[in-house]
Structures are given as C-alpha cells and as structure tokens.
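Chemist: Residue numbers (the UniProt record's numbering), protein chains in the order written: chain Y, 1 to 588; chain S, 1 to 588.
Please read through the structure below; I'll follow up with questions.
Protein chains: 2
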Amino acid sequence: MSTLFLRTLREDPADAELPGHKLLVRAGYIRRAAPGVYSWLPLGLRVLRNVEAIVREEMDAMGAQELSFPALLPREPYEATNRWTEYGPNLFRLQDRKGVDMLLGPTHEEMFTLTVKDLFSSYKDLPVNLYQIQTKYRDEARPRAGLLRGREFIMKDSYSFDVDDAGLASAYQAHREAYIKIFDRLGFDYVIVHADSGAMGGSASEEFLAISPHGEDTFVRSTTGEYAANVEAVYVPTPAAVDASTVPAAAVHDTPDTPTIETLVASANANHPREDGRAWTAADTLKNVLVMLTHPDGTREPLAVGVPGDREVDAKRLEAQVSPAAPGAFEDKDFAAYPMLAKGYIGPGVLGSDKASGIRYLLDASIGEGSAWVTGADEHGKHVFNLVHGRDFTADGVIHAADIREGDASPDGNGTLTLARGIEMGHIFQLGRKYAEALGLQVLDQNGKLTTVTMGSYGIGVSRAVAAIAEGTLDEIGLCWPREISPADVHLVATGKDQAIFDYADTLVGELESQGLTVLYDDRPKVSPGVKFKDAELVGVPTIVVVGRGLEQGTVEIKDRRTGERREVAVAEAVREVVAEVRPEATA
Amino acid sequence: MSTLFLRTLREDPADAELPGHKLLVRAGYIRRAAPGVYSWLPLGLRVLRNVEAIVREEMDAMGAQELSFPALLPREPYEATNRWTEYGPNLFRLQDRKGVDMLLGPTHEEMFTLTVKDLFSSYKDLPVNLYQIQTKYRDEARPRAGLLRGREFIMKDSYSFDVDDAGLASAYQAHREAYIKIFDRLGFDYVIVHADSGAMGGSASEEFLAISPHGEDTFVRSTTGEYAANVEAVYVPTPAAVDASTVPAAAVHDTPDTPTIETLVASANANHPREDGRAWTAADTLKNVLVMLTHPDGTREPLAVGVPGDREVDAKRLEAQVSPAAPGAFEDKDFAAYPMLAKGYIGPGVLGSDKASGIRYLLDASIGEGSAWVTGADEHGKHVFNLVHGRDFTADGVIHAADIREGDASPDGNGTLTLARGIEMGHIFQLGRKYAEALGLQVLDQNGKLTTVTMGSYGIGVSRAVAAIAEGTLDEIGLCWPREISPADVHLVATGKDQAIFDYADTLVGELESQGLTVLYDDRPKVSPGVKFKDAELVGVPTIVVVGRGLEQGTVEIKDRRTGERREVAVAEAVREVVAEVRPEATA
Chain Y
1 MSTLFLRTLR EDPADAELPG HKLLVRAGYI RRAAPGVYSW LPLGLRVLRN
51 VEAIVREEMD AMGAQELSFP ALLPREPYEA TNRWTEYGPN LFRLQDRKGV
101 DMLLGPTHEE MFTLTVKDLF SSYKDLPVNL YQIQTKYRDE ARPRAGLLRG
151 REFIMKDSYS FDVDDAGLAS AYQAHREAYI KIFDRLGFDY VIVHADSGAM
201 GGSASEEFLA ISPHGEDTFV RSTTGEYAAN VEAVYVPTPA AVDASTVPAA
251 AVHDTPDTPT IETLVASANA NHPREDGRAW TAADTLKNVL VMLTHPDGTR
301 EPLAVGVPGD REVDAKRLEA QVSPAAPGAF EDKDFAAYPM LAKGYIGPGV
351 LGSDKASGIR YLLDASIGEG SAWVTGADEH GKHVFNLVHG RDFTADGVIH
401 AADIREGDAS PDGNGTLTLA RGIEMGHIFQ LGRKYAEALG LQVLDQNGKL
451 TTVTMGSYGI GVSRAVAAIA EGTLDEIGLC WPREISPADV HLVATGKDQA
501 IFDYADTLVG ELESQGLTVL YDDRPKVSPG VKFKDAELVG VPTIVVVGRG
551 LEQGTVEIKD RRTGERREVA VAEAVREVVA EVRPEATA
Chain S
1 MSTLFLRTLR EDPADAELPG HKLLVRAGYI RRAAPGVYSW LPLGLRVLRN
51 VEAIVREEMD AMGAQELSFP ALLPREPYEA TNRWTEYGPN LFRLQDRKGV
101 DMLLGPTHEE MFTLTVKDLF SSYKDLPVNL YQIQTKYRDE ARPRAGLLRG
151 REFIMKDSYS FDVDDAGLAS AYQAHREAYI KIFDRLGFDY VIVHADSGAM
201 GGSASEEFLA ISPHGEDTFV RSTTGEYAAN VEAVYVPTPA AVDASTVPAA
251 AVHDTPDTPT IETLVASANA NHPREDGRAW TAADTLKNVL VMLTHPDGTR
301 EPLAVGVPGD REVDAKRLEA QVSPAAPGAF EDKDFAAYPM LAKGYIGPGV
351 LGSDKASGIR YLLDASIGEG SAWVTGADEH GKHVFNLVHG RDFTADGVIH
401 AADIREGDAS PDGNGTLTLA RGIEMGHIFQ LGRKYAEALG LQVLDQNGKL
451 TTVTMGSYGI GVSRAVAAIA EGTLDEIGLC WPREISPADV HLVATGKDQA
501 IFDYADTLVG ELESQGLTVL YDDRPKVSPG VKFKDAELVG VPTIVVVGRG
551 LEQGTVEIKD RRTGERREVA VAEAVREVVA EVRPEATA
C-alpha cells in the first residue's frame, strides 16, 4: 500500500446516493469519468476480473464458446431488426468521417445471428452456444447509483442457436443451471423470477435478482414459495365469467362533484345505495385512465386503460405492456383535442361501446366478464351504475397494468403474494425466431429443407454485479467482499515503530504468497494504526492479519472482517492458520 | 473441432489485401463487422488473450499498476489539452441524449493525468506507473489490412508520472526494458528506432517496429548498426557553412520551357555552362514546392518548402513536420490567389528575400549556408544562377522534408543508411509536462512548493500485434504461430474409419490436457484426412499430432508445423514426446 495507486477518502462523494456506491468510491475502487461512466482503479479492476473469471469458467463449463464482437457497429443489422428505431434515445448513435451511421452496441443479438449465418448452414452444425464478456453502451435517461445503471458497462451476453423448440428449451435450461452456479459462487442473496420479455420479443424469460432494498425492480413471491415474478411479469389470471342476469339494468345517475374515486364512493353510498344493501367500495368502481404513448418512430397515440377504482395503473407494468412505445401523461391539450372525453367522468361508453373517441381501450386483466361497475357516464357530474362488462360494454383488449399488492392472490392459485425489491443481475430468455427471421438465419434440416433457427439470449451484468455485491454485503464500517471476488485473500497490516515488525511482515507476505494467496500489504511506514485499521475495514478484504505489538510475545492477530472476531496465533502457526481461514474447505 | 465455432474457408476474402489478413479470415480467427472493425472468433480471441497475458505479465513485473478507463469520454479534458480539435476527423465524436459532446477515446493521457491529480498530491506519492489494456477508437481515413490499422482496436497504454526529468528518464528506461522482454516473448523480428514525437508533443521517443514488407512505416538503419530511426524521425544534420566568396554574383538567365528539373538541367548545361567546367546536375538546383496546410481548426495556410532538385518532398516526413496541420495539394485556384507565384519558376525571391508572397518558406535541413543554387527567378522562362543561401536569400526556417535514400550518410556520422519497412508495434515516449500543465497536475515538492509532474506515455498495439505476428510468421500453406501465443499447444488430428483411432485419440487428448497442454482436437467423424491436414496447416498450431493409420503398428505421428518435419513415435512414448516438443526447455 506504500506504492499502490490508492487513496481512501473519509468523505462520501457528492454524487453518490447508495451506500455501496459511496464505499466503492471512498475505498478507491472506482471513479466517475462522466455521468454513468466509470473508471476502474486497481482494487476495483481486481474485483471485476474475479467476477469475469467466475462467469467465464461456468460458461466454458456448460460448453459455451467465447468470442468477442466490437462495440462500434454498423447501422444496417439493427435497421433490419428495427432496433435502430426501437431503442429510441437509449441508443448511442454516431456518424463516422464519411457520414456513415454507426452505433455503440447495447446488446449483440444481431451480430451473433449474422456470424452464425456466416459460418453455419446445416442442422448438423447446431446446437451452438456462444458468449462474450464485453463493454456495452446504453444512453440511460437516468444513469443511477454508480455501476448499478451505467451508460458504459460490462456484460456477459450469450446466445443459443437451435433447430427446434426442444433444443431451445434445453439450451435455456443449461444456461439456467450455469447461472445458478455463477450466482451461488458470487456469494449473495438472489431470487429467480419470471420476467417480462419486454422489447426483445420472444416467450419464456426469467430474471436473477439480487435481493436489495436499493433495487430498481419490484418482484413478488408467493407465500408457498412456488411462484416468483418481476412485478412487470405478473399476469393476473382473468376471472371466469360470472352470471350477471341478476344485475339490474345499467342506470345513469347524477353524481355532481365526484371527479375522484373517494368522492364517487361517498356520493354513491349516500344517494344511490346498492340494491343488496352492501356499501359501495372503491373496488366496485371502474377508473379509466388516459395516457399518451410515444412510439419509437415518434408518432403519438392515446390509450385508455380501465382498472378497478381501488387500484392504480402501475407505471412499470404499463411501460412493459406497451413497449417499445413509451407512455406519457395525457395533458390538457390532449383533452382539448378529444372534447368527447369528460375529464373525471370518462366511461366505457365513449371509449368502448360507441367508439366515439376512436381511442384504443384496454381493460385490466382482473376485470372479468359479467362483472358490474360504477363508472363514468361521459358527462360531467354523471356516473353509470351496474354497467356490466360483456353485457353493456366491451373493450379492445386486455392489459396487465393494475398495481400488484402485498396479499394479492398468487397467479398460480396457491397462497398470496409478498413484495420486495431487487437488482437485475441476470436475464435468460427464449428469444425464438424473431432475429433469425429478420436477418435470414436458416439452416438445412434433416430433410434438406431450409428452416429458421430458434435462439435464446442470456445476459449477466458483470460490472453491475460488482456494485450489487458491494451493496448486498457491506456493513456500517465498509465494504465486505465474499471470498471469491475479494480484491485480495488477505489484508495484512503491519503497524508499529519497530523495524522487526516490518521485517517479519515482509517475510509473512512472501510465505502467504508462496501458498498462492494474494495479499494486500499495508506497509506504509508513517501511517497511524488507527488509519490502517480503518482503511482495512473500508476496503473489505475478508481476512485481516495484524502484525504489531503482539510480535514481541510471538503472536500475530487474525481478524474476520465480517464478524469482527479476532484471535491471536503463534508466529510459527501464522501461515497455516491464515491459509485455513482463507481456504477452510481445503483444510477441513 | 466437431463442435468448435469454426469454419475454415478455401477462398480468400474479397476485402483482404495482405497474406496474413487473408489467412486470419480463412482460418476462422476474425471476421469483419464494419470497415476497420473486427469480431474475434474463438481461435482469434485465444491468440489475443495470449498476447494480452504476455503484455500484462511484463507490465506487472516492472511494477506498473493496471486500471481501466472507459472508452466513452467527456469532451472537457480533451478540450483542455486541445486534442478535441487537434485530432480532427480521426476522433469519433458523438452527443448523448442531452446533446452533451462526448468522444470515443483514441488514447488516454487526459484521463490518467486527471486521475493522478485526483489521488496524489505530494512528491512522496511518486513515481507511479499506470497502465490499462483497453479498446480504443480512431476514425482512420484508410482503415487497412484488417487488424493492422483498425478503427476499433485494443491497446496497452501506460503512463509514468515523475517529479523530475531524471525520474522520467528512468521510467522510460524501465518501459524500454519491459518492451524488449514483451517483444522477445511474442517471437518475431523487430527493431527499435528513433521516432518522431508527432502531435503528442514532448521529446525522446522510440518505436518498436515489426520488420515487414507490408509495414506502413519506413525506417532506416546505419550500416554500422548504431543508428536506426523511423524515416519521419531522421534529422539530417545541417552542413557547416561554406565559404561562398568565390561564387560569382547571382545572375538571371532566360531558360525558356524549363518547368521541370530535367529540362532546367539540360537547358543550363546547353546555354549557361558552369564557370568551373563541371556539368550542372539536379543536385545543383533548388526546387520550391508549395503545399496547402489545413490546421485542426479548419484554417488553411500555404507553405513553401525548398529542397535540392534531386530530392522529392517526402509526404510522411512533411506530414510529421507540420503536424497537427495536414498538408494538401496547392491547387490551381491557390495559384490564382497568389499571382506573384510563377508556376514552374518559383524562387526564393518572392518567397524568401522580399517576402512579396507573404508565404512561409522553409528550407530543407540539407541546405547549408553558403551553398549556391540554380533556382526559379519568379518569372516564366527565367531562372537565377549562383544564388547563395545566406548571401542572396534566406528563409523563415528549417524543415526535415526531403526524402531519405539508401546510401545517404547516417545522421550519426558513421556509415550510410539502408531502408526497410516495418509495422509499428510499440511506442515509448518522454511526453514531458504538456498534459500535466494543461490539466494542472502539480504536487508539492520536498520544499513544499508546487511543481508540475513530468510524464511518459507508452503504447503497444495488442490487436495489431496479432496481425503483425501472423504476417511475420506465416508461410505458403497457412498461419504459423510462435508457441507462446498459439491458440493451442497441439493440434491433434484423428483420422480413419476405425473407432479405435478415435477412442485412443480421446484418451491422448485427456492425457495431454492433464499435462497442462491445450489441445485443438480434430475429432470430426466424416471429414477426409486431406481436409483435416489442410485445416491444421491453415490454422497454424506449431505442433501437429496425427492419430491414424500408424495406430495399428502402435505409432502416432508428430509433425512440426513450421519445418514440416515428421516423426513416428510409439504410443507408449506419445505423451512424453509431445510434451518434449511443446516444452523443449522443460525437458532439455
């Protein structure tokens, strides 16, 4: 440490929000170069390389082959798959000196597909699993939390190529198993959840989330433990149709000054009591929410979403459902363009039944056929009661947009849901034939006929993993790395004024290194013991060895960074004891 | 090879010029993604990683510390050093979604300087040597020969930081020694030459060139072997002033129809014989060449260069001398703007003596004081004879722009020069204080005063090395890798119809791998022996082992890829013999 390019900071950096991000900067692992763009200092680079090595080993072990594509890519393949447009402002676009359009790769489906097309031509060539560990670029609107959501970041992306669906399912399963091994080795709490397939197209998809209150993703788990999904991927089953024959005919009532659900429920209970005597609740009302979609090509389209009045439209679920379009607010000027919309009293009439608005109308999946509602009558101060879905109105389709709540029934029919937050660390995905079709990847099948290849796409956020693990393992005093990715096996602190201390510490470092351990050696001559101990706690190497005052009595101290447990061991036993601490499995 | 993502090609790719580039594509090492942008297939990636590992080991061994900067960088630091402008169209510039200017890093002096400034503040912190192995971007006007001159490429760049010149000299020397170790291990012929410091500013500088007829760089070596330089860096010593007192007064003569040196010499000898009876030669004439410079900021400036009539202005030497401006042709419209220039008869009068043109005029360094010349008289059909430099005309300065020829005197005064071509593989460079000054990198010295840090900058073209080594080691039948960077230690070909052959080959592969060797195993069941042998020759692993017909007699064949030598060894000896072939040093 007397020569290491490292300076720890006592103060939190101004631009860091999360504890892990603050510590990574303070402990000298990373530095910000631009918003969402980070430099790796020596300690950080070691952790990054350790994560990469684990990912590489397990990908190789499953038979995937490593290659490496450029980050600077031509426009044409991304044009062929429409992603040049679909990615919108998230794509870094540039022109070269000849004015040719290029991009910085956000993910490489196109390039892998074209390369397999270039090399392979027969079903006999398949299956093949290919991967790279490579720098990617996305111009995030809100780069966040250091490495957690960066604009330049390192990903492992892999792709499977198969002739049939069974092959894809098996490649998917092989990736799933490799990912479990990787995330187990990385040493943090994670959960595998059903995922929304989003803009990628395709079908089956799961995410590996690091469980963290700082996560951007909300996920649900059922109380039985059998169901887990990203909140965007919770597909509430549509209830079976109910018999509405006893529901009275729909009737419009005056409900002055009831532009909100609360005011409506109060007015309904006061002035229009229910036939069966039960009170009206927000759950009996149908709320129609308008949003303005912006499609990737820039065109705008209004959309109406009907949800039960006791629920909100969940922004992320809506976003996932309408992707690649982006939902935005339906503003006053938009209302002005649609005078048939009575703000606060919008109903399925103008949206669904007579289509007077011309606006696409989707009903939340929880709204079954035969259900009766109190909802807007498309006139200020009026609502319609007992409006029955399927009898009195229909919509253009179904959407999964209402918010999901703790205690909701699990979509698998067993137990209820609990909610938590997580950081997306990995994503596995049965992509299907979308890219192969767009780019013409076909091979001859057993009958000599051309068949389109089916693909899987699998990602791990490698630089994000460093941040997520830091976040998930830190404590009040600093970073606290899992052994396999720690920048060193041992942090050896030599402290004292006696030259014998440093002489012995030098020897001990050499002996530990000859045992194959990596040692971060604090040999700084004029730094106080307090500063050295604080730095060791901040840097977060799991085993701290102190060579100091005890040496006169023939002992050194071994300290567990996580538990804080310390013990004195005899100098003669020091190497054996430290090795046992670092590799308990080898000595057990 | 039955599952490897590899397909060799029999045909040369259409866009490849050089033999090595053709073979790297044909043998399945790389594929073009865009002009000057390449993808690494599995075999290519292995070679690249082997080169990286050698570079990393030697950089670590010299005490340099690895970190990693982003490729996507903010404009401001490059603005501060003026490189945002100086790099001109070679820089990939882009804007993010907020319209903020960014760039793709062509080299990282700025970022390293700022990070040292961020972390260090005292002379006690220095010296420090930092490096990264990272992807860089330059929008080359003419991307060339695959990996040799790419627009996305991998470089090791390192930087030294010292408080004084002695420290810089010592860091430079340490890098020089590490580079020698690296290039020795990479296993190809190279030469270390003096280099021009070009746009980087600074002083001492050397290049490591791979000797190759396909190189873009021309270099000279003296016949004594003591002097070697890139042709741009040859500084011809200015001759001592000679006594011109016996030279007759300058006189203008009619020399009609002599716009070229040949016609001028012929006319002079015919009509104006020399006083001393010797014939006029081209070497007695002074040619004044006009070029139009374009400065990085886009402004244009005419420049006149005077060279002896028997020499040409060397485009690369000129370019190096006027950098960061770029020289271009002086066109007819430019002549129209300077009517005082009599095309074909331009002389030092209008350029040098009376400065009527206002054009900057530089004389080649070979033109000494007191030398007499036949040169243009600034009037069509007229030349001036016996015009003496220093007596009759002067210029605005000196330039090293005349071409260098085989047999020229060596600038060190010993022997003459020979010319050859090379590929720039490495560059070491005493940068000095340019970047530290521009970015304010100062530390407190021993007296507590702020002092500006002095820097060195050192680069190795890692991806280029793969191409250069391929180019330098190939033969008529394929690639031919040096051992340390070969994609595998052994290429094992199993061939025949007998299952016993493949069974034994499987075993042998396992045994070789357990000895720590990497084996490229051609286990393809239905491929002919001829195709397998051709592929092995093309792929270029140094040791080829054939398990085939000989197996019945209890032998396998070991073949040296480079020499073609083959020998049969007994099955019982096979592992030992192959290991001895791959690691002769370990068994000698």
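Built from N, CA and C at the ideal position, the CB exists for glycine as well.
1. Quick one: complete beta strand (DSSP E) runs, 3+ long, within the region 163–241 of chain S?
2. Pick out whichever of E140(Y), V384(Y) and Y435(Y) has its Cα sitting closest to the Cα of T258(Y).
3. Going by the beta-carbon positions, is the gap between A141(S) and H21(S) smaller than 8 Å?
4. Given a threshold of 16 other Cβ atoms within 10 Å of its Cβ, counted over all protein chains shown, does P106(S) qualify as buried or as exposed?
5. According to DSSP, V47(Y) sits in a beta bridge with which residue or residues?
6. Pull up the CB-CB distance for F92(S) and G422(S), whole angstroms please, since I reckon it's below 8 Å.
7. If you measure between the beta carbons of R49(Y) and S39(Y), is that distance less than 8 Å?
8. So, helix, strand or coil for L4(Y), using DSSP?
9. Should H380(Y) be labelled buried (16 or more other beta-carbon atoms within 10 Å of its own) or exposed?
10. Using three-state DSSP, classify I154(Y) as helix, strand or coil.
11. Between the region 48–81 of chain Y and chain S, which residues of the former have a C-beta closer than 7 Å to a C-beta of the latter?
12. Among the residues of its own chain, which have a CB less than 6 Å from the CB of T394(S), if the five just before and after it don't count?
13. What are the uninterrupted segments assigned as alpha helix (DSSP H) that are 4 or more residues long and contained completely in the region 18–106 of chain Y, given in chain order?
14. Could you compute how far the alpha carbon of Y458(S) sits from the alpha carbon of A204(S)?
15. According to DSSP, Q430(S) sits in a beta bridge with which residue or residues?
16. Can you tell me the Cα-Cα spacing of A64(S) and Y179(S), whole angstroms?
17. Within 10 angstroms of its Cβ, does L134(Y) collect 16 or more other Cβ (buried), or is it exposed?
18. Kindly confirm or deny that the region 544–560 of chain Y and the region 476–485 of chain Y touch, where touching means at least three C-beta pairs closer than 8 Å.
19. Residues of chain Y with CB closer than 8 Å to the CB of S39(S), please, in chain order.
20. Enumerate in chain order the residues of its own chain whose CB-to-CB distance from E513(S) is below 7 Å, with the five nearest sequence positions on each side excluded.
21. Specify the secondary structure class of P127(S) as computed by DSSP and reduced to three states.
22. At which residues does the alpha helix (DSSP H) containing K343(Y) begin and terminate?
23. With a cut-off of 8 Å, does the C-beta of L551(S) fall near any C-beta of chain Y?
24. Check whether the region 436–450 of chain S touches the region 502–512 of chain S, counting contact only when three or more Cβ pairs, one atom from each stretch, lie closer than 8 Å.
25. Are the region 534–545 of chain Y and the region 560–572 of chain Y in contact at 8 Å, needing three or more beta carbon pairs?
26. Could you pull out every residue in the same chain whose Cβ sits closer than 6 Å to the Cβ of V493(Y), ignoring the five residues on either side in sequence?
27. So that I know if they touch, is there some Cβ in chain Y lying closer than 8 Å to that of Y435(S)?
28. Look up F393(Y) in the DSSP assignment and say whether it is helix, strand or coil.
29. Less than 8 Å between C-beta atoms, sequence neighbours within five positions excluded: which residues of the same chain meet that for K316(Y)?
30. Would you list, in chain order, the members of the region 126–146 of chain S that have their beta-carbon closer than 8 Å to a beta-carbon of chain Y?
31. By how many angstroms is the C-alpha of Q499(S) removed from the C-alpha of I192(Y)?
32. Tell me which residue opens and which closes the alpha helix (DSSP H) that L318(S) is part of.
33. Determine the direct distance from the alpha carbon of L431(S) to that of M200(S), and round the result to whole angstroms.
34. With a CB to CB cut of under 7 Å and the five nearest residues on each side skipped, what residues in its chain are close to T85(Y)?
35. So what does DSSP say about V578(S), is it helix, strand or coil?
36. Where does D15(S) land, buried or exposed, given buried means 16+ other C-beta within 10 angstroms?
Modeler: Working from what's here:
1. 190–194, 205–211, 217–222 and 228–230
2. The residue labelled residue 258(Y) in the question sits at position 258 within the first sequence. Of the listed residues, the one whose Cα sits closest to T258(Y) is V384(Y).
3. Start at 1 with the first residue of the second sequence, and residue 141(S) comes out as number 141. Start at 1 with the first residue of the second sequence, and residue 21(S) comes out as number 21. Contact: no.
4. Position 106 of the second sequence holds residue 106(S). So P106(S) ends up on the buried side.
5. In the first sequence, residue 47(Y) corresponds to position 47, counting from 1. In DSSP, V47(Y) forms no bridge with anything.
6. Position 92 of the second sequence, counted from the first residue, corresponds to residue 92(S). Position 422 of the second sequence, counted from the first residue, corresponds to residue 422(S). That belief does not hold up - the Cβ atoms of F92(S) and G422(S) are roughly 27 Å apart, past 8 Å.
7. Within the first sequence, the letter at position 49 stands for residue 49(Y). Within the first sequence, the letter at position 39 stands for residue 39(Y). No, they are not a contact pair.
8. Counting from 1 along the first sequence, the entry for residue 4(Y) is found at position 4. Looking at L4(Y) - three-state DSSP - the assignment turns out to be coil, as it is neither helix nor strand.
9. One-based indexing of the first sequence puts residue 380(Y) at position 380. Burial call: exposed.
10. On the first sequence, residue 154(Y) is found 154 positions in, with the first residue counted as 1. Three-state result, I154(Y): strand.
11. Q65, E66, L67, S68, F69, P70, A71, L72, L73 and P74
12. Position 394 of the second sequence holds residue 394(S). Excluding sequence neighbours, T394(S) sits near G352.
13. 19–26, 42–61, 75–80 and 83–86
14. Taking the first residue of the second sequence as 1, we reach residue 458(S) at position 458. Taking the first residue of the second sequence as 1, we reach residue 204(S) at position 204. So the alpha carbons of these two residues sit roughly 12 Å apart.
15. Position 430 of the second sequence, counting from 1, holds the residue named residue 430(S). Q430(S) is bridged to G456(S).
16. Locating residue 64(S) in the second sequence gives position 64, where the first residue counts as 1. Locating residue 179(S) in the second sequence gives position 179, where the first residue counts as 1. Rounded to whole angstroms, A64(S) to Y179(S) spans 13 Å at the Cα level.
17. Here residue 134(Y) is taken as the residue at index 134 of the first sequence, counted from 1. Looking at the sequence itself, residue 134(Y) is Gln, so the reference to Leu does not match. When all chains shown are included, Q134(Y) counts as buried.
18. no
19. As a first step, residue 39(S) must be located in the second sequence, where it is residue number 39. Neighbours of S39(S) on chain Y, chain order: L67, S68, F69, P70, M111 and T115.
20. Indexing the second sequence from 1 puts residue 513(S) at position 513. Contacts found: V519.
21. If you number the second sequence from 1, residue 127(S) lands on position 127. Coil at P127(S), not helix or strand.
22. Position 343 of the first sequence holds residue 343(Y). No alpha helix (DSSP H) holds K343(Y); DSSP gives it neither H nor E.
23. Position 551 of the second sequence, counted from the start, is the residue given in the question as residue 551(S). Not an interface residue.
24. no
25. yes
26. The residue labelled residue 493(Y) in the question sits at position 493 within the first sequence. For V493(Y), where only same-chain residues beyond five positions count, the Cβ hits under 6 Å are D522, K532, A536 and V546.
27. Translated into the one-based positions of the second sequence, residue 435(S) becomes position 435. No, its Cβ sits nowhere closer than 8 Å to a Cβ of chain Y.
28. Here residue 393(Y) refers to the residue found at position 393 when the first sequence is read from its first residue. It is a strand residue.
29. Position 316 of the first sequence, counted from the start, is the residue given in the question as residue 316(Y). Counting only Cβ-Cβ distances below 8 Å, and skipping sequence neighbours, we find T218, V231 and E232.
30. V128, L130, T135, Y137, D139 and A141
31. What you label residue 192(Y) is simply residue 192 of the first sequence in a count that begins at 1. What you label residue 499(S) is simply residue 499 of the second sequence in a count that begins at 1. Those two C-alpha atoms are separated by around 44 Å.
32. The residue you call residue 318(S) lines up with position 318 of the second sequence. Its alpha helix (DSSP H) spans residues A315 to V322.
33. Within the second sequence, numbered from 1, the residue matching residue 200(S) stands at position 200. Within the second sequence, numbered from 1, the residue matching residue 431(S) stands at position 431. Residue placement at M200(S) cannot be trusted, given a pLDDT of 43 that sits under 50; what the coordinates show is reported in the next sentence. C-alpha separation (whole angstroms): 7 Å.
34. Here residue 85(Y) refers to the residue found at position 85 of the first sequence. Excluding positions up to five away in sequence, the list reads P296 and D297.
35. Locating residue 578(S) in the second sequence gives position 578, where the first residue counts as 1. Note: V578(S) maps to helix in three-state DSSP.
36. Translated into positions along the second sequence, residue 15(S) becomes position 15. By the 10 Å Cβ count, D15(S) comes out exposed.
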